[in-house]
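What follows is one structure encoded as structure tokens, with my remarks underneath.
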Amino acid sequence: MSWKNTDPLELWKTSTTLPITQNQIKGNDEIEGSHQQQPPAPVRIRFWMSTKQIDSKQRVDYFWKLILAWPDDWERRAIIWSKTGISITNTLTAFYIGIQIKFTADVFLLDPKLNFFQILRRIPAKSPFLVFALVGFVSQMLTMTFIFYPYLMFEGQLSTLNLTGRAVSLSLGMGMLVPLFSIPPIANSAFLKHREKLGMRKLPTGSVFDLIAQTFECTRSVWRKLPVIAGINVAGAGVVVCSMAWARNRIHSKVDIDPELINELVINSEYYQNQKRGIIGRKLYSIGNWLTNPKFLNFFEKKRISAPDSHHDI
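In our numbering, the protein residues as written are 5 to 318.
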């Protein structure tokens, strides 16, 4: 049989192979494992080595200047907008819980059939404003400290999984649990002070168990809404995580491509920020610069120093 009439496929099917020993298999597995255990090639070395040489405050200023002057609009907006997403969601859910729980008729109005807008119109304004303003402020501070700065301004310090866990925990804790357990005692104190101002009979304050029972009863009006509130908080945290992770990965992948461009953006950050503002933004920015101008501030400082403090200075 000549080679011209031989089918290569039939030759491959009828061919024999040499036996492979277990030592050869083990050796191949060790070689593959050694290749898999090797660390990935380092990336973005120059940029992160330069940022590690400055302290934390200068690092924050450096990154903020870089972000505010970043040329890609959507990447810049994703970073700037995501840092306030959790605090806004927590403020809205805390406000709704405050209206439905404490500032319902169970404590102030004694009329459980009032709807949401009637309650909103008739409740005292100080207590709910204090609660949701405090929740929004604390949420913003915790977001910047434990989520924004570690994830954005450090390479590999906080993974996306840890970022998701922190964002969801912060949203559920400050947006749902803190209002549930803090609003009833605060509103009870406001209710007792309101009775004293009206000259009504003073009610006994009660013990800790009475306060726990009152908190339990006040939160019953929100129990059915808790899954919806938790879903809103988790959804808000998810949007923040997705937008922050997307923008962070894109920005971090570009910072070491052209170090001269990065330094140019940081040095001339105010110029690039002003170019991105609209007409109203530029006017407000110019007014702010004029009010914070050293000549303007020194003028009032000279007036204050030259003015006599009392009749003994005359």
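Glycine residues also receive a C-beta, built at the ideal position from the N, C-alpha and C atoms.
Near the ligand COA: residue i beta-carbon under 7 Å from a heavy atom
i	result
Asn267	Absence of the ligand COA is noted for the structure shown, with no ligands found whatsoever.
Three-state secondary structure assigned by DSSP to residue i
i	result
Leu162	coil
Val245	helix
Ile261	coil
Pro189	helix
Asn267	helix
Pro75	coil
Lys69	helix
Lys61	helix
Met178	helix
Lys323	As displayed, the chain neither begins before 5 nor continues past 318, which places residue 323 out of reach and without an answer.
Asn237	helix
Asn272	coil
Met157	coil
Given residue i as reference, the closest of the options once Cα atoms are compared
i	options	result
Asn166	Gly179, Met178 and Phe152	Phe152
Trp85	Arg170, Gly240 and Lys61	Gly240
Phe158	Leu146, Tyr66, Lys206 and Cys246	Tyr66
Ala98	Ala249, Ser247 and Ala137	Ala137
Val245	Ala73, Leu265, Ile71 and Arg170	Arg170
Met148	Thr168, Val172, Asn192 and Lys87	Lys87
Asp214	Asn192, Leu230 and Lys229	Asn192
Met180	Ile261, Ile266, Gly235 and Ser211	Gly235
Gly89	Pro188, Ser247 and Lys201	Ser247
Ser1	Ile216, Thr168, Arg80 and Glu264	With the chain covering only 5 through 318, there is no way to say anything about residue 1.
Gln104	Gly242, Leu230, Ile71 and Val243	Leu230
Val243	Thr164, Leu72, Ile58 and Ile261	Thr164
Gly160	Glu264, Ser257 and Glu221	Ser257
Residues of its chain near residue i, where Cβ-Cβ distance is below 6 Å and the 5 sequence neighbours each way are ignored
i	result
Leu324	There is no way to answer for residue 324, as the model of the chain reaches only from 5 to 318.
Ile266	Val259
C-beta atoms of residue i and residue j nearer than 8 Å
i	j	result
Asn272	Ser175	no
Val226	Ile101	yes
Met178	Asn253	no
Trp78	Ile255	no
Val182	Val139	yes
Pro154	Leu146	no
Thr219	Pro188	yes
Gln144	Ser91	yes
Endpoints, alpha helix (DSSP H) assigned at residue i
i	result
Phe213	Val212 to Cys222
Ile151	That residue, Ile151, is in no alpha helix (DSSP H); it is neither H nor E in DSSP.
Asn94	Gly89 to Gln104
Nonlocal neighbours in the same chain, by C-beta distance under 7 Å from residue i, ignoring five residues either side
i	result
Trp250	Ala82
Val1	Nothing can be reported for residue 1: it is not among the residues displayed for the chain, which extend from 5 to 318.
Arg228	none
Gln28	Residue confidence is low: Gln28 scores 48 on pLDDT, short of 50, so the model does not pin down where it sits. No coordinate-derived value is stated.
Phe150	Arg170
Beta-carbon proximity list for residue i, same chain, < 8 Å, skipping 5 on both sides
i	result
Ile58	Tyr66
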